[in-house]
Structure formats: C-alpha cells, structure tokens
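Single-structure report; data block below.
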Amino acid sequence: MPVAGWLAVELPIGWSEAMRRASTPADAVGFEFGRLLGSAVIPLTVAWIAYRIGRRSTRAASTCFTLALALQCVLVLVGRERPTNFGEFGFEVPAGWVCVRPKSDVCKAMLLSTDAAQNSSHSVLMVDVGKPRMATARELVQHFEDSGSTPPKAIHVDGIEGFVMETSSVDWSHPRCVAAVFRDGQVYLLTAAGKDTPEITSAFGQVLKTWKWR
Numbered sequence: 233m234p235v236a237g238w239l240a241v242e243l244p245i246g247w248s249e250a251m252r253r254a255s256t257p258a259d260a261v262g263f264e265f266g267r268l269l270g271s272a273v274i275p276l277t278v279a280w281i282a283y284r285i286g287r288r289s290t291r292a293a294s295t296c297f298t299l300a301l302a303l304q305c306v307l308v309l310v311g312r313e314r315p316t317n318f319g320e321f322g323f324e325v326p327a328g329w330v331c332v333r334p335k336s337d338v339c340k341a342m343l344l345s346t347d348a349a350q351n352s353s354h355s356v357l358m359v360d361v362g363k364p365r366m367a368t369a370r371e372l373v374q375h376f377e378d379s380g381s382t383p384p385k386a387i388h389v390d391g392i393e394g395f396v397m398e399t400s401s402v403d404w405s406h407p408r409c410v411a412a413v414f415r416d417g418q419v420y421l422l423t424a425a426g427k428d429t430p431e432i433t434s435a436f437g438q439v440l441k442t443w444k445w446r
C-alpha cells in the first residue's frame, strides 16, 4: 500500500515534468524511469539502515520505509510547479522567462525571456483573447503561414481542440510559433517570436502542455 500511494503521487507529477523537458515521448519515458529509480533509492537505503540497526527487525525497516515514502510524497507535492493565473486560463511560466505587463487590452499574458528583459536577447510570448474573425482555429493559424511553415497540426489544450504551427521566422517581425483555440465564443491566440529558435519552441511547447482553463 505505501508503494501504491507513492506511485500515485510520483507517476502523474513526474510524467508531466518529463513531457515538459523531453523532446520525444521515448525521452520522457527514460526520464520518468530514471526519476522513479532515483526516488526509490532513499527509502530503500533508510529501510536497510533501520533493518541493520534494529538487529534485523523487519518491522523497523517497514516503518522507516513507509515514513520515507510519505516524506517524499509530501516534498513532491509541495515542490511541484503550479500554473500562473491569467484570469480565464493559467500555465506554468517556463524557466528563464518572466511575466511583464501586456501592452494592450487584447493581450492577456506577455512573457519575455530573462535576457530579453535585460535587453540582451530577443524572445517574446503572448496570449491574445478576443472575438474570432475567422471561422476556425485552423484558418486563423494558417493566416500566419510563410514560405517555410510547417503544416498546421491539431492539438488539445487542456481538453479543447486547437491548431498549432511553426513558421521559419527568426526575428520579431513575424511569429515563429502560433497556436489558436476557440472556446466559449472567443479565440485564444498564442504567438511567440524572436531570434533564439530552440528557446522559443521549448517555451511555447511548455505553455501548451501546462495550460489550464479556469
């Protein structure tokens, strides 16, 4: 039972973190497997020490093992990242990015890379919310196509279908990443632009993966 409870806490939180960090599902599986093995070492070590000190007492080993697992669960729950609230939605702000005041009423969230806030980099991510001017999210995403764009791909953002696309842009003049979701008569348009393409793509993916509707 203690192991089942530990897995119930570790698996969903660990898998969510693995999917944010990994570039492919296979990498995420490896990351999660390593995390579970590493997390199991401490309780097992504590149990072995209790077993030896307690003169081969299985009760002492079992008690210490259970307590160590419980403490780990508490630390995981307390230490997990929580979404930042932006009103009707929230998401985890990627590491190295900061929230800044939006420049318009339509823009509900605006992030800059930490270096960009210090005028030494060029990456921005925004979420605009308003009435849709096109019939579908796919059409809206396609509006940002350029000669090097990838085909729009269907995604689910916290259970709501949308579309995402990546362009060939490498500066502020045009979004590098675009996603659109229609919900309750409004369109949620996510765009990210800048020169640091890997940073933008990674941050954009994390925002979509951790997005929660309010």
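Heads up, the final residue of the sequence shown is numbered 446 in the working numbering, and it's a clean run with no missing numbers.
Here a beta-carbon is modelled for each residue, glycine too, at the ideal position from N, C-alpha and C.
Treat the numbers as computed from the prediction; the structure is a model and nothing was measured.
Apart from sequence neighbours up to five positions away, the residues of its chain that approach Leu-372 with a beta-carbon distance below 6 angstroms are Met-366 and Ala-412, ordered along the chain. Excluding five sequence positions before and after Asp-390, the CB atoms of its chain that fall closer than 7 angstroms to its own CB belong to Trp-443, Lys-444 and Trp-445, given in chain order. Using a Cβ-Cβ distance cut-off of 8 angstroms, the region 356-370 and the region 426-440 are in contact, since at least three pairs of beta carbons, one from each stretch, lie closer than that value. According to DSSP, residue pairing for Gly-322 in a beta bridge involves Asn-317 and Lys-444.
Rounded to the nearest angstrom, the gap between the Cα atoms of Gly-394 and Asp-337 is 23 angstroms. Assignment of Phe-376 by DSSP, reduced to helix, strand and coil, places it in the coil class. Ranked by Cα distance from Arg-408, the options Gln-418, Phe-297, Leu-301 and Asp-378 are led by Asp-378. The Cβ atoms of Ala-341 and Phe-414 lie no closer than 9 angstroms to each other. For Arg-415, the uninterrupted beta strand (DSSP E) run begins and ends at 409-415, by DSSP.
Counting along the chain, His-388 sits inside the beta strand (DSSP E) bounded by residues 385-389. When DSSP states are grouped into helix, strand and coil, Thr-429 belongs to the helix group. Here the alpha carbons of Ser-294 and Ala-435 stand approximately 43 angstroms from one another. When DSSP reads this structure, Thr-423 sits in a beta bridge with Met-358 and Val-410.
Taking C-beta atoms as the reference points, Phe-376 and Val-410 count as a pair closer than 9 angstroms.
Residue burial is scored here from C-beta neighbours: Pro-383 has fewer than 16 other C-beta atoms within 10 angstroms and is therefore classed as exposed.
Of the residues Leu-344, Cys-339 and Pro-430, the one whose Cα lies closest to the Cα of Val-325 is Leu-344.
For Lys-335, there is no enclosing beta strand (DSSP E), as DSSP marks it with neither H nor E.
Around the beta-carbon of Val-273, fewer than 16 other beta-carbon atoms lie within 10 Å, marking it exposed. According to the DSSP assignment, Met-397 belongs to the beta strand (DSSP E) that extends over 392-398. Trp-329 is the residue among Lys-441, Trp-329, Pro-430 and Val-261 whose C-alpha sits nearest the C-alpha of Thr-346. For Leu-344, DSSP records a beta bridge to Val-330 and Val-356.
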